[in-house]
Amino acid sequence: MIRLENVTKRYGETTAVQGLSLEVAAGEVCVLIGPSGCGKTTTLRMINRLIEPTSGRIVVNDHDVTEQSPEQLRRGLGYVIQSVGLFPHLTVADNIVTVPRLLGWDRARMEARGTGLLALVGLDPAEYAGKYPRQLSGGEAQRVGVARALAADPPVLLMDEPFGAVDPLTRERLQAEFARIQRELHKTVVFVTHDVDEAIRLADRIAVMRDGRLQQYDTPEEILDHPANKFVHDFMGADRALKRLGRVRVDSVMRADVPVMAEERSADAVAERAACSESRFVYLVDGDHRLEGWFDCRALVSGASAESAITTVDWREVSVHPDTSLKEALSRMLGLGFRSISVVDATGVLLGIVGLADIEETMTDSDAHISMAPVGLGAAGEAEA
Amino acid sequence: MTSPASESVVVPSRAHGIDRVAAFGAAVALAACLLLPLSVFRANRIVEGSPHTALSTGPAGWVLLGACLAALAVALLARPAARVRALPLAASALTIALAWALGRAAVTLRAGQPDISRVSIGGGAWLMAAGCAVVWFASRDYDGASTFRRAAAAVAVAGFAGAALAGGLANLSIVTEYSDRAARFWSAAGTHLALAGGSLLIAILIGVPLGVLSLRVRWLRTVTLGVVGLIQTVPSLALLGLLVFPLAALGLPGIGPLPGVIALTLYALLPIVRNTYVGLSEVDPAIVDAGRGMGMSGSQLLLRVEAPLALPLVIEGVRSAAVLVIGIAAVVAFVGVGTLGVLVFEGWGVQADDLILLGAVPMVVLAVAADSGLRALARAATSPGIR
Amino acid sequence: MNRRRTGFGVVAVAAVAFGYLVSRQDWWAAALTRLFPSLPQAVFPSATVADLVTQHLQIVGVSSAITLVVGLPLGIWVTRPSGQEFRELVAATVDFGQTFPPVAVLALMMPLLGLGLAPAIVALSLYGLFPVVSNTVAGLEAVPPAVLDAARGMGMGKWRILFTVELPLAARVIMAGIRTSVIINIGTATVAAATGAGGLGSPIYSGINLQNGAWVLEGAVAAALLAILADSVLAQVERAVAPVA
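Following this line, the structure appears as structure tokens:
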């Protein structure tokens, strides 16, 4: 774990970081966030001594960072920067094993490690190991950058706006990959960003900074629900409530017992099912419980034919996955013009339904849902393993 | 000179119509064949020579004329598809015809003349060679018959060798000059190479560290680049003249190899120091930051990251210095070092053209060889990731 | 801006000082006799320093003029559509030519043109072509295509574009090529004295031949000063033609 004790950095007249104290528990993702010039990058670079603090103490894994030489220290920390900084004259594989090579690993071990890491970050080793950085896209390059940082299996990762230099679509994918990798590896991560949504999505705790001072250090939910001051309140954005929804997974609030109809599709059969009197829609599934469409009961009442009451759909276009956030589910609902949306797994099997009412409940019952909401997209509290 | 802009421009007449470049080369060769002397005959070494055009030296000269006309015809009349093979063929034929004609002319003109008579290569022959080279160059651009081209080139080389051995190229006066002083020639060539190579080596040993240090120490950079740049402007002969005095004051010989090596090393320093500095300073700072952040020490960073990235530019600087130094090594002959320049100066002194050539041509060959060799080295040393 | 002005001023003063120094043959005589008291003839007798410098400048000046008159249009032509075909050939020739030792080019002129001024001027003109053509082509090709596009879009004709857009933007690179060419030529002209062309190499050659250190010093110092001064002047001109300060 990492502990900063009253760390200050001054450059002549200007103070970049003032009296910063915080503690990052092992296995946690701590996101440093704030406007430009708030000192977040300076703080990060003091942890691996690329910048030396003017005063204060930094402790990593119970050792003061000044106990070792800077080079020794840095070889035990992973470091990822925005522009990646891959060595253009080396292949991807050679880039990844840079630190192991410095530590003197033997060739077989390095090769195995490189292959494993490429797979971990979602790149096919056979295809990518021999490529050169100039042949990679921005997203691929950053994945290699992360693999390189993880090569010597450091317990700590320092990341300075790692996903800032790619397009939004790639950024989202990289964030999801990072979350997945973090679920597997449980590294202690200090992550700098200026993107509030990214912080909310990835952080276990967020440290909001301004002009070198720490404004608030807490879980995303706390910061969104109880901002410490006006700055934090404004910085997190006027859509705090919506952002809050981004922390809750769909499968934690969905209703799993949904009226379904597998075989008989005739209107009478459906009408006979008592279900119609309870809910408006009856969902039509195939033999494997995959979503095929739904039956609108209200249509029967108005006297229209049974056929017109049935809507057949491609489940891929009108559903969300269990790990989707409520925020995204709401957005999809609004886009589709629905008041509820189906939750399916990767093969289209219907798992449950989420409606506007459920979302409303989440907002008003925020306290109860904080304890249910998974910490950092993956710890206890999710509906499925 | 490379240019992305020109690569995107279509060169129309290569695709349809006449090949103006090949036509230019062939036309130059044709004009030289008809108007300028192929060979120059002298009764002895110092008498004014009488020029002879190709046609006047016998049937080989007519064949040569035919080859020039053929090349011109190919450039002007052949269909582009046919030109792919016809051009290398024409160039090959012209090369062999030229070598053959030169040899035959030498034999014919010297027939019945005393042994001290000399036949030298006339201006027309040089110009024909240049025109032939242009035709070869033009044949390079046609896609899709590179093996054929290479085969044609090989045939040309073989033909040239054949002409040299059997056709009487040995009768040319330049060869006579060589055989008259073969040992001196090789000694001069060896000295030239040794002097240039040795100075280059010293310049690398001094210059590369200077360039590396210049990166870190600002005032050193200004001073070094300034001094070395200043030296570069001073004429080599003047520098050699100026070196005499401090050397003499130190009790060291003011003429001979010592001032030669000092002068050459000083001249070689600028390209090497400057390119080392620029090469290193152009390394992306993000890469350096990433390297430091990963725990590389300063020397590890230099060795494993900055050096490989700067290497192509450094070798480029060495190439530049090598060409420069081979040139100045000729001037150094004037302060008593036996390089190829000695042959040139001697030739100037007695107005023996072929002695001048005997000194000048190997110099050019050395320079071109060093240039090509180091270009190839630069390419080989460039990681595929940064090409 | 001020730095540019002071640089220009310093160079102008240096040029005037050099000119004056060269004209005072008596100073050269006095200094050389002081330094070499044992030599009977401390000053090069065949020509005054002023004469030698003038000869040298004439050789370099005439050959540079020829180089410019031939080289600039050639470089421009090769970047126009009508000359595009020859661009590769010219580029290869120039690259090849620049590897030639200058002495070799000078040497090769002799069989054709004999001794004297003519072979020196031809050799210098020819050798000076290479950097000028190379830089003219490089400078013109470095003009951003977007700028050319805009100019054409505004309705400017080819010649107007060349003279008001392309050449001004390429001016600095072209000037750098001219500067390289002139400095190399000053050096080669020194060697050309051996072919009877005159110039500041004469006292150096004669001095070495006749073991007269004073003559060598006279020629070497004057040649070195001339070269450094010329480089400074041309550096100022180069800075002056830079399109953006």
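Chains as they are written, first to last, in the numbering used here: chain A, 7 to 391; chain B, 157 to 543; chain C, -17 to 227.
All C-beta atoms, glycine included, are put in the ideal place defined by N, C-alpha and C.
- With contacts defined by Cβ atoms closer than 8 Å, Gly201(C) and Gly183(C) form a contacting pair.
- Counting C-beta atoms within 10 angstroms of its own C-beta, Trp300(A) has 16 or more neighbours from the protein chains shown and is therefore classed as buried.
- Taking a cut-off of 8 Å for Cβ pairs, the stretch 255 to 268 of chain B and the stretch 314 to 325 of chain B touch, as three or more such pairs fall below it.
- The C-alpha of Leu97(C) lies about 15 Å from the C-alpha of Leu513(B).
- Contact between Arg286(A) and Asp302(A) holds, since their C-beta atoms are separated by about 7 Å, short of 8 Å.
- Setting aside the 5 residues that flank it on each side, Gly410(B) is surrounded in the same chain by Val400, Leu403, Ala404, each with a C-beta closer than 6 Å to its C-beta; the list follows chain order.
- DSSP, reduced to helix, strand and coil, places Ile316(A) within a strand of the structure shown.
- Closest in alpha carbon position to Leu221(B), among Ala231(B), Ala210(B), Ile443(B), Val230(B), is Ala210(B).
- The beta carbon of Leu21(C) sits no closer than 8 Å to any beta carbon of chain B.
- Under the three-state reduction of DSSP output, Gly25(A) falls in the strand class.
- Around the beta carbon of Gly(-9)(C), fewer than 16 other beta carbons sit within 10 angstroms, so the residue counts as exposed.
- Taking 8 Å as the upper bound for CB-CB distance, Val474(B) and Ile360(B) are in contact here, some 6 Å apart.
- Residues of chain B whose Cβ lies closer than 8 Å to the Cβ of Pro84(C) are, in chain order, Gly483.
- Any Cβ of chain C closer than 8 Å to the Cβ of Trp256(B) would place that residue at the interface, and such an atom is absent.
- Taking C-beta atoms as the reference points, Ala216(B) and Ala261(B) count as a pair closer than 8 Å.
- Residues of the stretch 513 to 526 of chain B whose Cβ lies closer than 9 Å to any Cβ of chain C, in chain order: Leu513, Gly515, Ala516, Val517, Met519, Val520, Leu522, Ala523, Val524, Ala526.
- Secondary structure of Cys288(B) (DSSP, three-state): helix.
- Contact with chain C is absent for Leu469(B), since none of that chain's Cβ atoms lies less than 8 Å from the residue's Cβ.
- In this structure, the CA atom of Glu29(A) is about 57 Å from the CA atom of Val155(C).
- DSSP places His208(B) inside the beta strand (DSSP E), whose first and last residues are 206 to 209.
- For Ser392(B), the nearest CB of chain C lies under 8 Å from its own CB, placing it at the interface with that chain.
- In the DSSP assignment, Glu117(A) falls outside any beta strand (DSSP E) and within the unbroken alpha helix (DSSP H) covering 113 to 126.
- With distances taken between CA atoms, Ser295(B) lies nearest to Phe180(B) out of Phe180(B), Arg543(B), Gly385(B).
- Fully enclosed beta strand (DSSP E) runs of no fewer than 3 residues occupy 83 to 87 of the stretch 72 to 103 of chain A, in order along the chain.
- One finds Met92, Ala176, Thr177 in chain C with Cβ atoms closer than 7 Å to the Cβ of Trp504(B), taken in chain order.
- The beta-bridge partner set that DSSP reports for Gln388(B) is empty.
- Distances from the CA of Val368(B) to each of Val521(B), Val429(B), Gly259(B), Glu333(B) were compared; the closest alpha carbon is that of Val429(B).
- Rounded to whole angstroms, Arg107(A) and Pro540(B) show a C-alpha spacing of 21 Å.
- The distance from the Cβ of Ser45(C) to that of Gly110(C) is about 6 Å, consistent with a contact at the 8 Å cut-off.
- A straight-line Cα-Cα distance of about 24 Å links Val86(A) and Asp224(A).
- Counting only unbroken stretches of 3 or more residues, no beta strand (DSSP E) element lies wholly within the stretch 355 to 399 of chain B.
- Nearest CB-CB separation between Val105(A) and chain B: below the 8 Å threshold.
- When secondary structure is reduced to three states using DSSP, Ala153(C) falls in the helix class.
- In the three-state scheme derived from DSSP, where H, G and I count as helix and E and B as strand, Ile166(C) is classed as helix.
- According to the DSSP assignment, Lys193(A) belongs to no alpha helix (DSSP H), since it is labelled neither H nor E.
- Ala147(A): member of the alpha helix (DSSP H) spanning 144 to 156, first to last residue.
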